[in-house]
Amino acid sequence: MEAEVCNPGVAMDSGNPLLRAVFLRRLRLTRLLLEGGAYINESDSQGQTPLMVACRTKHTDSQSTSRAKLVQFLLEKGADPNIQDKEGRSALMHACLEQAGPEVVAL
């Protein structure tokens, strides 16, 4: 599975490898995928971008970074906070719906 996650061109059940890395809150892997050419605003079949996934994910384990740190990183790398998914929700709306906390919403 790690080999699939590291290849930006391989589709995965949860979307593309960048979306999977963001869902798992792996900052280093997210950075490597972006440096390798992954498109920061690419959306999945639901129209969700990596920034939206970062605002929503509740996954946490010993390798996960904080949600706020990941969201800040994606914004600094050019993630567009104004893109809407197929339900018309932006990343900010996802953050509010998932009660991501004031440190994420403020970004």
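Going by UniProt numbering, the sequence shown wraps up at 107, each residue one higher than the last. In this text, a Cβ means the ideal position worked out from N, Cα and C, and glycines have one as well.
Might you give, ordered along the chain, the residues of its own chain that have their beta carbon closer than 6 angstroms to the beta carbon of residue i, omitting 5 neighbours on each side?
i: GLY78; result: ILE40
i: SER43; result: THR49
Taking only three categories from DSSP, how would you classify residue i?
i: GLU42; result: coil
i: GLN84; result: coil
i: LEU75; result: helix
i: LEU24; result: coil
Short of 7 angstroms in beta carbon distance, which residues of its chain neighbour residue i, apart from the five on each side in sequence? Order them along the chain.
i: LEU27; result: THR65, LYS69, LEU70 and PHE73
i: ALA54; result: VAL22, ARG67, LEU70, VAL71 and LEU74
i: GLN63; result: ARG26
i: HIS94; result: MET52, CYS55 and ARG56
State buried or exposed for residue i, treating a residue as buried only when at least 16 other CB atoms are found within 10 Å of its CB.
i: ASN82; result: exposed
i: HIS59; result: exposed
Can you name, in chain order, every residue of its own chain whose Cβ lies under 8 angstroms from the Cβ of residue i, other than the five neighbours on each side?
i: THR30; result: LEU18, ALA21, VAL22, PRO50, LEU70, PHE73 and LEU74
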